[in-house]
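Single-structure report; data block below.
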Amino acid sequence: MQDPSDPQGPPLAQGGPLKQNPPRRQRQERTVYTRSQQEELDAYFQENRYPTFDERQELAQKLDLREQQLQV
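For the working numbering, count along the sequence shown from 1 and bump the result up by 162.
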């Protein structure tokens with residue numbers, strides 16, 4: 163077991179300096195669906211709330227979207 167007064171302890175245990183501005187991940191932009199896309203998605207998800215990857219790909223292709231834009 164490590165002695166808490168040991169100077170070789172973990173940096174946070176000693177109150178070491180934290181990085182001031184860590185790099186931020188770029189957020190994915192919000193998808194704005196057309197009225198027809200929204201209607202199709204609403205109808206689809208009423209029937210199948212958790213589609214498989216293949217089902218999402220097929221639906222995305224049909225709606226001219228990327229599969230990532232159909233994540234629940």
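Glycine included, C-beta positions come from ideal geometry on N, C-alpha and C. Quantities reported herein were computed from a predicted structural model and do not represent experimental measurements.
- Per DSSP, the continuous alpha helix (DSSP H) segment holding Leu225 begins and ends at Phe215 to Leu225.
- Assigned with DSSP and collapsed to three states, Tyr195 falls in coil, not helix or strand.
- Using a Cβ distance threshold of 7 Å, Gln233 and Thr193 do not count as a contacting pair.
- Under a 10 Å Cβ-count criterion, Arg187 is classified as exposed, with fewer than 16 other Cβ atoms of the shown protein chains found around its own Cβ.
- One alpha carbon belongs to Gln199, the other to Arg189, and they sit about 23 Å apart.
- Counting every other CB atom within 10 Å of its CB across the protein chains shown gives Arg197 a total below 16, marking it as exposed.
- Look at Tyr212 here: in three-state DSSP terms it is coil, with no helix or strand label.
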